[in-house]
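Below is one structure, written out as structure tokens, with a few remarks after it.
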Amino acid sequence: MSKFKNVQVLTAAAMLAAIAVILGFFKIPLSPTLEIRFAVLPIAVSGAMFGPAVAAVVGILSDVGGYLLKPTGPFFPGFTVSAAISGVIFGLLLYKKKATWLRVTGAMTIRTVVVSILLNSYWLTMLYHKGFVPILAGRITKELILLPIFIAMILALLKLLEKTGMFSRFERKTNESQTS
Numbered sequence: 059m060s061k062f063k064n065v066q067v068l069t070a071a072a073m074l075a076a077i078a079v080i081l082g083f084f085k086i087p088l089s090p091t092l093e094i095r096f097a098v099l100p101i102a103v104s105g106a107m108f109g110p111a112v113a114a115v116v117g118i119l120s121d122v123g124g125y126l127l128k129p130t131g132p133f134f135p136g137f138t139v140s141a142a143i144s145g146v147i148f149g150l151l152l153y154k155k156k157a158t159w160l161r162v163t164g165a166m167t168i169r170t171v172v173v174s175i176l177l178n179s180y181w182l183t184m185l186y187h188k189g190f191v192p193i194l195a196g197r198i199t200k201e202l203i204l205l206p207i208f209i210a211m212i213l214a215l216l217k218l219l220e221k222t223g224m225f226s227r228f229e230r231k232t233n234e235s236q237t238s
């Protein structure tokens, strides 16, 4: 929990949440229950950089912030839970680990199945009062198409952040604040 006391971590997490909000505005609607959004990218980065707790907060802030700035209907807390769980998954599987194709594939696959396919389909059945199976069928197809694209995007982002030394910069700052 000491990460929540580190100003640099909080600032970076807030910036990632803001980026997620902005990316959430750029969506590609496919149907009333299907759309493509890129807000998951900063949530994945926050999980890799700061761990599950901070990434969960980034997910929550991105969902609530997106709703407050540009509501597209009634607020539904299920999607906030989904965003938080996404952060936890990325944090548990990517934090303090080298970004490899296998790790990113594993994290994104688990997130896709648990959050995008199962949870979000369930939330949509509650919102639209439609059957779970018809919503699920369309979402599975979309997610299978998007999965390799998101894996490549997340892997490229994490490799870039590793190459520029961002991970070690924040790790050093976090360790210094824990010892003081």
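Position 19 (the sequence shown) corresponds to 77 in this note's numbering; numbering is contiguous.
We treat Cβ as the ideally placed atom computed from N, Cα and C, and that holds for glycine.
In this text the structure is predicted, and so the values were computed from the model without any measurement.
Which partner residues does residue i have in the DSSP bridge list?
{"i": "S89", "result": "L92"}
If residue i sits next to residue j, beta carbons under 8 Å apart, how far is it from one beta carbon to the other, in whole angstroms?
{"i": "V116", "j": "A78", "result": "7 Å"}
{"i": "A102", "j": "I118", "result": "The pair is not a contact, with the Cβ atoms about 15 Å apart (cut-off 8 Å)."}
{"i": "S179", "j": "I193", "result": "5 Å"}
{"i": "G145", "j": "P110", "result": "7 Å"}
{"i": "W159", "j": "L213", "result": "6 Å"}
Under 8 Å: does the beta carbon of residue i sit that close to some heavy atom of the ligand SAH?
{"i": "F83", "result": "The model on display carries no ligand, and the ligand SAH is accordingly not part of it."}
Could you work out which residue in the options is closest to residue i when comparing CA atoms only?
{"i": "V162", "options": "I207, P132, P192", "result": "I207"}
{"i": "L88", "options": "R227, F228, E201, L219", "result": "E201"}
{"i": "W181", "options": "A113, F134, F84, V65", "result": "F134"}
{"i": "G124", "options": "F62, A70, K85, L150", "result": "K85"}
{"i": "F108", "options": "L99, I94, P132, L150", "result": "L150"}
{"i": "A76", "options": "M166, L99, K63", "result": "L99"}
{"i": "E93", "options": "G196, K221, K154", "result": "G196"}
{"i": "Y186", "options": "A72, G131, K155", "result": "G131"}
Quick check: residue i and residue j, are their CB atoms within less than 9 Å of each other?
{"i": "F96", "j": "L81", "result": "yes"}
{"i": "F148", "j": "A210", "result": "no"}
{"i": "V112", "j": "S104", "result": "yes"}
{"i": "V67", "j": "F225", "result": "no"}
{"i": "M184", "j": "G223", "result": "no"}
{"i": "L177", "j": "V122", "result": "no"}
{"i": "L126", "j": "F83", "result": "no"}
{"i": "L215", "j": "T170", "result": "no"}
{"i": "L165", "j": "E220", "result": "Going by the sequence as given, residue 165 is Ala instead of Leu. No, Cβ-Cβ distance for A165 and E220 is not below 9 Å."}
Give the DSSP-derived three-state secondary structure of residue i in the structure shown.
{"i": "Y186", "result": "helix"}
{"i": "N178", "result": "helix"}
{"i": "Y153", "result": "coil"}
{"i": "T130", "result": "coil"}
{"i": "G105", "result": "helix"}
{"i": "T232", "result": "Reliability fails at T232, whose pLDDT of 49 lies under 50, so the model's placement of it is uncertain and the value that follows must be treated cautiously. If DSSP states are grouped into helix, strand and coil, T232 belongs with the helices."}
{"i": "A142", "result": "helix"}
{"i": "E220", "result": "helix"}
{"i": "T158", "result": "coil"}
{"i": "A71", "result": "helix"}
{"i": "A214", "result": "helix"}
{"i": "F83", "result": "helix"}
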